[in-house]
Every structure is written in structure tokens, then in C-alpha cells.
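To start, the structure under review is shown below, and the notes come after it.
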Amino acid sequence: MEVYSTENEQVDAIKQFLKNYGLTIILAIVIGVGGIWGWKYWQSHQANRLQESAGEFATINEALTKPTPENIALAEKFVSETNDIYGALASLELAQLAIDANDLAKGETHLTKAISMVKNEAFADMLNLRLARVQLALDKTDAALISLEQVKSKAWDGMKNYIRGDVLAKKRR
Numbered sequence: 005m006e007v008y009s010t011e012n013e014q015v016d017a018i019k020q021f022l023k024n025y026g027l028t029i030i031l032a033i034v035i036g037v038g039g040i041w042g043w044k045y046w047q048s049h050q051a052n053r054l055q056e057s058a059g060e061f062a063t064i065n066e067a068l069t070k071p072t073p074e075n076i077a078l079a080e081k082f083v084s085e086t087n088d089i090y091g092a093l094a095s096l097e098l099a100q101l102a103i104d105a106n107d108l109a110k111g112e113t114h115l116t117k118a119i120s121m122v123k124n125e126a127f128a129d130m131l132n133l134r135l136a137r138v139q140l141a142l143d144k145t146d147a148a149l150i151s152l153e154q155v156k157s158k159a160w161d162g163m164k165n166y167i168r169g170d171v172l173a174k175k176r177r
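If you count by my numbering, then the sequence shown holds residues 5 to 177, one letter each, in order.
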């Protein structure tokens, strides 16, 4: 470390330091502040988008209590435009309506779409179990076994093995 004997030497050393590193320091500060601001903006944007999606889902959920073709089309549009948990929930409702109407192929499509949207492993496991049941009803035994393999949680092992037994029994017929 250099020792300066006068104040002028210290001032000159500071000026030289700022001349050498001033731009780097300013850029680091600007980038740091910009990064923090950008991250906070992104989080706010994501929260707002999720809140809007929740409101739209509530409307669609209410509309699906009367499953008219218009309401189903509205829900399908919402699912196609949304890629979050609310889109998955709407797709799950559409799957239930399709299965209740004995349109198992459409139910399978909606369940597959819901699985692709879900980030929560427990929810994905439950959806895969439902999908396996629908595939079993459609005589897609190999697809049902693949869906069952996607179930990761040990908590579902009983149900998973029960469905697997039904699939294997049907496959042997």
C-alpha cells in the first residue's frame, strides 16, 4: 500500500483511480440498480397476470355450472390462452364435462393439456392417475401404463397399483 505524504498526492491518487475505474463503477451501479428494478417489475407483472387469470377462471368456473356450447368454447379459449394453474384447473373441468358426456377422447385431450400446464408435482400425479383411468376406458393400455409411470409420489402408490392391476388385467384379455 502506498503512503502519500501530502494531501495533493492523495487527491491526485483519487483522481487517477476515478479516471481508471470511474466508468466501470458507474456502469456496475447502473446495471445493479437496473437489474433490481427489472426483477421487481417482472415479479409484479407475474403477480398481476396470475391475479387476472384467477379472476377469469372464477368467471369461467361459474359459467361452466351451465355447460352450454358457448360457455365450453369460452373455457377452451381460456385454456388455450393461459399457461398457468388456472388454465390447468379449467382444462380439468373441461375434461370432467367431456367424460360426463361420454366423450373420453376429448377428456383425454383436456387432461393431457392440464398436465402440461401444471408445475406442482402432487397435482400432476393426481392428473396422471385420472388420465390413466380415461386411457384404460379407451382401451389404450400401453398409454395408461406410461401415464402411471409419471406418478412420482409414494402417497399415490396404492391408487397407482390398483389402476395398474386393472390395466394389466384388461391387457391380458
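Ideal Cβ placement from N, Cα and C applies to all residues, glycine included.
Checklist entry - Are at least three pairs of beta-carbons, each pair with one atom in the stretch 59-73 and one in the stretch 33-41, less than 8 Å apart? => result no
Checklist entry - With 16 as the cutoff for other CB atoms within 10 Å, does Val139 come out buried or exposed? => result According to the sequence provided, residue 139 is Gln. The question's Val does not apply to it. Classification for Gln139: buried.
Checklist entry - Can you give the Cα-Cα distance for Asp143 and Glu60, rounded to whole angstroms? => result Answer to the nearest angstrom: the Cα atoms are 36 Å apart.
Next on the checklist: Taking the alpha carbon of Val155 as the reference point, which residue from Asp170, Ser48 and Leu133 has its own alpha carbon closest?
Outcome noted: Leu133
Checklist entry - When the distance is taken between beta carbons, is Gly91 closer than 8 Å to Met121? => result yes
Next on the checklist: Please state the DSSP three-state secondary structure of Val34.
Outcome noted: helix
Checklist entry - Alpha carbon to alpha carbon, how far is Thr86 from Met163? => result 30 Å
Next on the checklist: The alpha helix (DSSP H) that contains Pro73, what's its start and end?
Outcome noted: Pro73 to Glu85
Next on the checklist: According to DSSP, is Val155 part of a helix, a strand, or is it coil?
Outcome noted: coil
Checklist entry - Which two residues bound the contiguous alpha helix (DSSP H) that contains Asp170? => result Element bounds for Asp170: Asp161 to Arg176.
Checklist entry - Mapping DSSP to helix, strand and coil, what is Leu142? => result Here Leu142 sits in coil by DSSP.
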